Structures are given as structure tokens and as C-alpha cells.
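Okay, so the sequence shown: first residue is 159 according to our numbering, each after it adds one.
First the structure, in the form of C-alpha cells, and then the observations on it.
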Amino acid sequence: MEKLEGIIFDLDGVITDTAEFHYLAWKKLADKFGIEIDRDFNETLKGVSRTDSLERILAYGGRSADFDAKEKAEMAEWKNDVYKEMIEAIQPSDILPGIESFLKELKEAGIRTAIASASKNAEMILCSLGIRDQFDYVVDAAKITKSKPDPEVFLKALELLGLSAEVCIGVEDAASGVDAIKDAKMRAVGIGSIDILGRADLVLASTADLQLEQLRNIGN
159 MEKLEGIIFD LDGVITDTAE FHYLAWKKLA DKFGIEIDRD FNETLKGVSR TDSLERILAY
219 GGRSADFDAK EKAEMAEWKN DVYKEMIEAI QPSDILPGIE SFLKELKEAG IRTAIASASK
279 NAEMILCSLG IRDQFDYVVD AAKITKSKPD PEVFLKALEL LGLSAEVCIG VEDAASGVDA
339 IKDAKMRAVG IGSIDILGRA DLVLASTADL QLEQLRNIGN
């Protein structure tokens with residue numbers, strides 16, 4: 159690429175892994191209403207907003223029409239309260255491999271950074287991890303109206319950074335997130351399996367494999 163000026167990260171599965179906590183909290187909610195979900199189904203919720211995740215669970219259980227908007231809002235809030243209780247113990251040791259050193263490398267290189275996550279708890283999680291100061295901006299998920307794979311959250315991150323898509327890279331672990339990055343006209347780095355993240359410009363098996371020079375050479 160011509161010049162790398164910014165990197166926009168997803169949070170869950172890229173900076174830290176709270177996917178298990180999300181799954182357990184959603185499962186508790188689903189169990190309350192007689193809906194059985196498993197970890198495979200939970201994979202379909204990665205990168206999806208809380209509201210849309212709830213709608214997917216209710217549709218999966220054939221109960222979409224059983225609740226009004228107020229009841230659904232209360233259900234989503236209940237799930238979030240359970241989730242927040244679970245992540246209270248999150249700490250710097252929960253940062254995924256290689257991320258701390260990679261963020262320091264980006265700072266030293268003058269590359270700007272942002273978080274583009276569907277999580278409304280992103281600020282709290284980053285503070286608990288002790289790395290909030292490593293990011294120039296955290297997109298406020300409460301102001302995002304469309305879930306990934308819609309590119310809205312990444313477009314907002316670009317706007318906050320004041321950078322064009324051509325000089326930025328997005329880092330994601332979910333197919334919907336990679337789609338969002340690509341539809342925002344950015345280059346994408348996927349963390350995980352190439353079978354799932356095949357649309358990414360570069361797929362790495364682990365966050366430990368993130369290297370600035372390699373990212374700079376994407377598309378060259």
C-alpha cells in the first residue's frame with residue numbers, strides 16, 4: 159500500500175477474548191426462555207450488536223413474535239448485566255499474545271489506532287486491560303445503528319482518525335468483520351482460519367504473528 163497511517167482493530171478476539179463470556183451470558187438468557195444455543199451458534203453472533211444478537215437468538219428459538227420492543231430491550235440489558243459481572247475480573251494478563259508489543263511498535267512508528275467494536279463495553283474493557291491509552295479513538299458502539307458486516311463502525315473510525323481508507327488497515331477475527339472492512343474500502347487482516355476469513359488480504363493464525371513491516375507490504 160502507498161503508506162500505512164492507521165490501523166483499526168476489532169476488540170473481541172483481536173485485543174482480548176471475551177467471546178466465551180458473551181456466549182455464557184447469552185446462554186443464560188436463552189435458557190430462561192427455553193431456547194437452546196451452543197458454541198457453534200454463538201459463532202454467528204461474533205461482531206454482531208447486542209440487539210441483533212438477541213433477534214437472532216429469538217428467531218433461532220422461534221420466539222421472535224413473543225416479545226415487544228420494551229421486553230426485548232430489558233432482555234438485552236439483563237444479558238449485558240450478566241456479561242459485565244463476568245468480565246469484572248478481566249486484567250492485563252488477558253490481552254492476547256503479541257498485542258502489547260505490537261501496539262507499542264505502532265505508537266513508535268506514529269501510526270494512529272482505533273477500536274471498531276460492536277461492544278458497548280469497549281472503553282471499560284480496555285481500561286481493565288490497562289491499554290486504553292494505546293488507542294487514539296474508540297468508536298462509541300451506542301451511536302452505531304448497523305451491525306457488521308455493514309461497514310458503518312469502520313467508516314466512523316476512519317472519520318475519527320481523519321484518515322482515508324486507502325492508508326488504513328482493519329484487523330478482525332470474524333467473517334462479518336472482514337466483510338465490513340472490505341466494504342469500507344480498506345485492506346483487511348484476518349486473525350484465524352483462512353477457510354472462514356478468505357476475503358481478507360492477509361490471514362494470520364494468531365495475534366502473535368502481527369508484524370508492522372508485513373502489514374505495510376499488503377498489496378505491494
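Note that CB positions come from ideal geometry on N, CA and C, so glycine has one too.
Predicted model, so just to flag it, every value in this text is computed and none were measured.
Three-state class that DSSP yields for residue i in the structure shown
| i | result |
| --- | --- |
| R345 | strand |
| A272 | strand |
| I257 | helix |
| P336 | The question names Pro, but residue 336 in the sequence shown is Val. Note: V336 maps to helix in three-state DSSP. |
| V206 | coil |
| V240 | helix |
| V296 | strand |
| V361 | strand |
| F191 | coil |
| D170 | strand |
Pair within 8 Å by beta-carbon distance, residue i and residue j
| i | j | result |
| --- | --- | --- |
| I349 | S334 | no |
| A280 | L169 | yes |
| V336 | A323 | no |
| P309 | A276 | no |
| T146 | A234 | No answer is possible for residue 146: the residues shown for the chain start at 159 and end at 378. |
| L370 | L264 | yes |
Spatially closest choice to residue i from the options, by CA coordinates
| i | options | result |
| --- | --- | --- |
| Y218 | F199, A231 and G205 | F199 |
| F167 | E371, I376, I354 and A332 | A332 |
| D196 | I215, G205 and D210 | I215 |
| M282 | E330, E258, D252 and E246 | E246 |
| A358 | K262, Q292, E163 and G328 | G328 |
| S305 | E330, G320, A338 and C326 | A338 |
| V379 | K278, D291, M344 and V361 | Lying before the first or after the last residue shown, residue 379 is absent from the chain, which here runs from 159 to 378. |
Residues sharing a beta bridge with residue i, DSSP
| i | result |
| --- | --- |
| L368 | Partner(s): none; L368 has no beta bridge. |
| L216 | The partner list for L216 (beta bridge, DSSP) is empty, contrary to what the question assumes. |
Residue i: CB within 7 Å of a non-hydrogen atom of the ligand PLP
| i | result |
| --- | --- |
| L162 | Within the structure as shown, the ligand PLP is missing, as the structure has no ligands at all. |
- Sufficient close CB pairs (3 or more, under 8 Å) joining the stretch 281-301 to the stretch 265-273: Contact check between the stretch 281-301 and the stretch 265-273: three or more CB pairs, one atom from each, fall below 8 Å, which counts as touching.
- Item | At least three beta-carbon pairs within less than 8 Å, the stretch 180-188 to the stretch 223-240 | Between the stretch 180-188 and the stretch 223-240 there are three or more C-beta pairs closer than 8 Å, enough to call the two in contact.
- contact_flag[the stretch 354-370, the stretch 174-181] where n(CB pairs < 8 Å) is 3 or more: As far as the Cβ criterion goes, the stretch 354-370 does not touch the stretch 174-181, which means the pair count is below three.
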